[in-house]
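Residue numbers (this note's numbering): 1242 to 1385.
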């Protein structure tokens, strides 16, 4: 990657780290489900692929095909923007984590402060979701 511009390098590293994190998250969730099933003396996910190894892919397809329902009384712009406002800080905190020498998106002198400040902004997305639904129980749940 020595011949590429720094911007292209940053984009490639960012996309690669994001893809690996999403894949790991899917399979950690599968392990959690299998572990919980074992503790409860159940079988757990095993039907999709060999011993359920393709279950995260099936869950992702199912999630993408679900219907998007917005409540009738909801504040539509706020309700639609809430997941974006929640996910941007979640993804930004990975920008300052050095995964290997020279393999980080950003090398900040105040990396820990940036990490803490941006991770505290996730609550804004939760409040927006609770407020945007125009439901007192959703707002109370967001405040918990």
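We put the beta carbon where it would ideally sit given N, CA and C, even for glycine.
query	result
To the nearest angstrom, how far is the alpha carbon of residue 1329 from that of residue 1360?	10 Å
Going by DSSP in three states, residue 1340 sits in which element: helix, strand or coil?	coil
Between 1312, 1254 and 1362, which lies nearest to residue 1326 when the distance is taken from Cα to Cα?	1362
Can at least three beta-carbon pairs, one atom from the stretch 1301-1318 and one from the stretch 1363-1379, be found at a separation below 8 Å?	yes
Could you say which of 1249, 1365 and 1337 lies nearest to residue 1194 if we only look at CA atoms?	The chain is shown only over 1242 to 1385; residue 1194 falls outside these bounds and no answer can be derived.
Alpha helix (DSSP H) containing residue 1298: first to last residue?	1296-1305
Please name the residue, chosen from 1300, 1248, 1365 and 1368, that lies closest to residue 1289 on a Cα-to-Cα basis.	1300
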